[in-house]
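Chemist: Here it is, the structure, as structure tokens.
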Amino acid sequence: MSSRSLFVSIVILLSLAIASNVLYIVKETERGVLLRFGEVVDADLKPGIHVKMPVMHQVRKFDARVLTLDYTPQSYLTQDKKPLIVDSFVKWRIKDVSKFYTATSGDEIAASRLLASRVDDGLRKQFAQRTVHEVISGQRDELMDDLTVKLNQVVLTDIGVELLDIRVKGIELPERVNEDVYKRMRSEREREAREYRSRGRELAEGIRADADRRRTIIEANAYREAEKIRGDGDAQSARIYAEAFSKDPEFYSFVRSLKAYQETFSADSDVMILDSDSDFFKYLGAPKTKQ
1 MSSRSLFVSI
11 VILLSLAIAS
21 NVLYIVKETE
31 RGVLLRFGEV
41 VDADLKPGIH
51 VKMPVMHQVR
61 KFDARVLTLD
71 YTPQSYLTQD
81 KKPLIVDSFV
91 KWRIKDVSKF
101 YTATSGDEIA
111 ASRLLASRVD
121 DGLRKQFAQR
131 TVHEVISGQR
141 DELMDDLTVK
151 LNQVVLTDIG
161 VELLDIRVKG
171 IELPERVNED
181 VYKRMRSERE
191 REAREYRSRG
201 RELAEGIRAD
211 ADRRRTIIEA
221 NAYREAEKIR
231 GDGDAQSARI
241 YAEAFSKDPE
251 FYSFVRSLKA
261 YQETFSADSD
271 VMILDSDSDF
281 FKYLGAPKTK
291 Q
């Protein structure tokens, strides 16, 4: 290697060494602070390439993504003094870099401990204000949302982190509490079932009574209409008979007699004893010829 090549290599190495001590990069997924002899001079370094003074300046970078803090299950007492084993986790991220560095010295483990302590106190207070039934049967989401809003202001002021969400993965009951809770839940469901059945019977009675009333009205209207139609038919029949009788009384009398014969002698065993001169047989004799 020539002396010129050696000199160029040395210059490049020196340049790289100086650049590594003077230049630094903050990634999009990071937040950072610039320190001057341990004092914060830039509390929120933007992503990109920056310049610092060697020895005088120091850069601390932290993860700016959403982080998860998974707790070990803890025991909490409810309002009715029943213990619950709660398994929960927290979603958080760094919001105020300067405050975060001041409170934790940039140690993520220390931040997790501080955050866990405050969340634990918040959960303990929230569970102490509710019964077992309220926690298990439907107020869990309300509890978590309320706690997230309240604790977010606290941890942002104290630690410089934003609390995004607190969620319960599971709630376990100690063995001695299980049976009492299940009995209470069972009695609640039975009470609701009785209310629904009672309401159903009441509605059914109302529907039946209305149906009976409607049926009575329909039958009465139908009977009235039928009687009216029957009366009109009888009137027309009587009128037709009257008109027919008035046109040919003799023929009408003959037809009526034939009908009477048919009804009287409908069976072979029927016997009648009448005088042969009776009007009943006047159409059975020999026809009279007109002179």
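First residue of the sequence shown: 1, per UniProt numbering; consecutive thereafter. We treat Cβ as the ideally placed atom computed from N, Cα and C, and that holds for glycine.
1) Are the stretch 158 to 172 and the stretch 82 to 95 touching, with three or more C-beta to C-beta distances below 8 Å?
2) Helix, strand or coil: how does DSSP classify S117 here?
3) Going by the beta-carbon positions, is the gap between Y101 and V154 smaller than 8 Å?
4) Please go through the stretch 32 to 89 and give each complete beta strand (DSSP E) segment of 3 or more residues, from N-terminal end onward.
5) If you measure between the beta carbons of A103 and L115, is that distance less than 8 Å?
6) What's the C-alpha gap between A209 and S75?
7) Near I94, what residues of its chain come up, given a Cβ to Cβ distance below 7 Å and the 5 sequence neighbours on each side ignored?
8) Kindly identify the DSSP beta-bridge partner or partners of D165.
9) Contact check, K82 vs V132 under 8 Å by CB: the rounded distance?
10) Does the beta-carbon distance from H50 to Y24 come in below 8 Å?
11) Go ahead and pull the three-state DSSP assignment for G233.
12) What's the gap between the Cα of A204 and the Cα of Q262?
13) Is the CB-CB distance between V26 and K46 below 8 Å?
14) Considering only residues of the same chain and omitting the five flanking positions on each side of E190, which have a CB-CB separation below 7 Å?
15) Mind reading off the beta-carbon distance from R118 to L151? Whole number of angstroms is fine, and I expect it under 8 Å.
16) Quick one: grab the DSSP three-state call for I217.
17) Quick check: what's the CA-CA separation for V226 versus I240?
18) Determine the burial state of V97: buried for a count of at least 16 other Cβ atoms within 10 Å of its Cβ, exposed for fewer.
19) Going by beta-carbon coordinates alone, are L143 and V135 separated by less than 8 Å?
20) Can you tell me whether G48 is buried or exposed? The criterion is at least 16 other CB atoms within 10 Å of its CB, across all chains shown.
21) Pull up the CB-CB distance for F127 and L84, whole angstroms please, since I reckon it's below 8 Å.
Modeler: Taking the geometry as given:
1) yes
2) On the sequence shown, position 117 is the one that residue 117 refers to. Three-state DSSP puts S117 in a helix.
3) As a position in the sequence shown, residue 101 is number 101, starting the count at 1. As a position in the sequence shown, residue 154 is number 154, starting the count at 1. Taking 8 Å as the Cβ cut-off, Y101 and V154 do not qualify as a contacting pair.
4) Taken in chain order, the whole beta strand (DSSP E) runs of length 3 or more contained in the stretch 32 to 89 are 39 to 42, 48 to 51, 57 to 63, 67 to 70 and 74 to 77.
5) Start at 1 with the first residue of the sequence shown, and residue 103 comes out as number 103. Start at 1 with the first residue of the sequence shown, and residue 115 comes out as number 115. No, the Cβ-Cβ distance between A103 and L115 is not below 8 Å.
6) Translated into the one-based positions of the sequence shown, residue 209 becomes position 209. Translated into the one-based positions of the sequence shown, residue 75 becomes position 75. Approximately 57 Å, taken between the alpha carbons.
7) In the sequence shown, the residue the question calls residue 94 occupies position 94. Result list for I94: R31, F62, A64, F100, G160 and V161, in chain order.
8) Mapped onto the sequence shown, residue 165 falls at position 165. For D165, which the question treats as bridged, DSSP gives the partners K91.
9) Reading the sequence shown from its first residue, position 82 is the one you call residue 82. Reading the sequence shown from its first residue, position 132 is the one you call residue 132. With 8 Å as the limit, K82 and V132 qualify as a contact, their Cβ atoms being about 5 Å apart.
10) The residue given as residue 50 occupies position 50 in the sequence shown. The residue given as residue 24 occupies position 24 in the sequence shown. Judged by their CB atoms, H50 and Y24 are nearer to each other than the 8 Å cut-off.
11) The residue you call residue 233 lines up with position 233 of the sequence shown. G233: helix per DSSP, three-state reduction.
12) Within the sequence shown, numbered from 1, the residue matching residue 204 stands at position 204. Within the sequence shown, numbered from 1, the residue matching residue 262 stands at position 262. Cα to Cα, A204 sits roughly 57 Å from Q262.
13) Here residue 26 refers to the residue found at position 26 when the sequence shown is read from its first residue. Here residue 46 refers to the residue found at position 46 when the sequence shown is read from its first residue. Closer than 8 Å, so yes.
14) Taking the first residue of the sequence shown as 1, we reach residue 190 at position 190. Contacts found: none.
15) The residue you call residue 118 lines up with position 118 of the sequence shown. The residue you call residue 151 lines up with position 151 of the sequence shown. 6 Å between Cβ atoms; contact.
16) Taking the first residue of the sequence shown as position 1, residue 217 is located at position 217. It is helical.
17) Position 226 of the sequence shown, counted from the first residue, corresponds to residue 226. Position 240 of the sequence shown, counted from the first residue, corresponds to residue 240. Before going on, a small fix: residue 226 reads as Ala here, not Val. One C-alpha to the other measures close to 21 Å.
18) By one-based count along the sequence shown, residue 97 stands at place 97. Buried, because 16 or more other Cβ atoms sit within 10 Å of the Cβ of V97.
19) For the purposes of this step, residue 143 is taken as residue 143 along the sequence shown, with counting starting at 1. For the purposes of this step, residue 135 is taken as residue 135 along the sequence shown, with counting starting at 1. Cβ atoms of L143 and V135: closer than 8 Å.
20) By 1-based counting over the sequence shown, the position of residue 48 is 48. Exposed, since its Cβ has fewer than 16 Cβ neighbours within 10 Å.
21) In the sequence shown, counting from the first residue as 1, residue 127 sits at position 127. In the sequence shown, counting from the first residue as 1, residue 84 sits at position 84. The C-beta distance from F127 to L84 rounds to 7 Å, short enough to meet the 8 Å contact threshold.
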